[in-house]
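All remarks here apply to the structure that follows.
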Amino acid sequence: MSWIFLFIAGLFEIGWAIGLKYTDGFTKIWPSVITIITMILSFYFLSTAVKTIPIGTGYAIWTGIGAVGTAILGIILFGESKELIRLFFILLIIIGIVGLKIFSKVPA
545 MSWIFLFIAG
555 LFEIGWAIGL
565 KYTDGFTKIW
575 PSVITIITMI
585 LSFYFLSTAV
595 KTIPIGTGYA
605 IWTGIGAVGT
615 AILGIILFGE
625 SKELIRLFFI
635 LLIIIGIVGL
645 KIFSKVPA
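Here the sequence shown stands for residues 545 to 652, numbered as in the numbering used here.
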């Protein structure tokens with residue numbers, strides 16, 4: 545269950561990272577409220593996950609999910625660069641996330 549919580553935490557991290565773009569420096573009320581709620585949920589699920597997942601592994605996977613998801617949504621929503629080298633490095637992050645999951649000795 546911890547891995548599911550960690551994945552959910554990563555999804556909420558993507559939500560608040562993208563949400564920051566819409567808050568306009570926390571000057572827009574509803575985007576700001578939604579962003580803060582997703583931050584709280586992200587930290588809640590992360591804190592729940594790292595009860596059994598080592599903090600280094602959990603934090604690295606959480607930030608990796610957030611980084612990959614935010615980069616992909618940045619390309620889709622904001623027209624950010626799709627250069628092949630950038631996509632290659634995003635792929636490396638994904639490989640790192642998968643590697644950490646596979647080689648972490650944590651209860652399922």
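Note that CB positions come from ideal geometry on N, CA and C, so glycine has one too.
**Asked** Do you know whose CA, among Trp574, Tyr603, Ala611, lies nearest Leu635's CA?
**Response** Ala611
**Asked** For Gly554, is the classification buried or exposed, using 16 other Cβ atoms within 10 angstroms of its Cβ as the cut-off for buried?
**Response** buried
**Coil, strand or helix - Lys645 by DSSP** = Three-state result, Lys645: helix.
**Asked** Does the beta-carbon distance from Gly618 to Ile558 come in below 7 angstroms?
**Response** no
**Straight-line Cα distance separating Glu627 from Thr596** = 38 angstroms
**Prompt:** For Ser625, does the count of other Cβ atoms within 10 angstroms reach 16, so buried, or fall short, so exposed?
**Reply:** exposed
**Prompt:** How would you write the range of the alpha helix (DSSP H) that Glu557 sits in, first residue to last?
**Reply:** According to the DSSP assignment, Glu557 belongs to the alpha helix (DSSP H) that extends over 546-567.
**Item:** Separation of Ala604 from Ile641, as counted between CA atoms
**Value:** 8 angstroms
**From Ile578, Gly602, Val577, residue whose alpha carbon lies closest to that of Ser546** = Gly602
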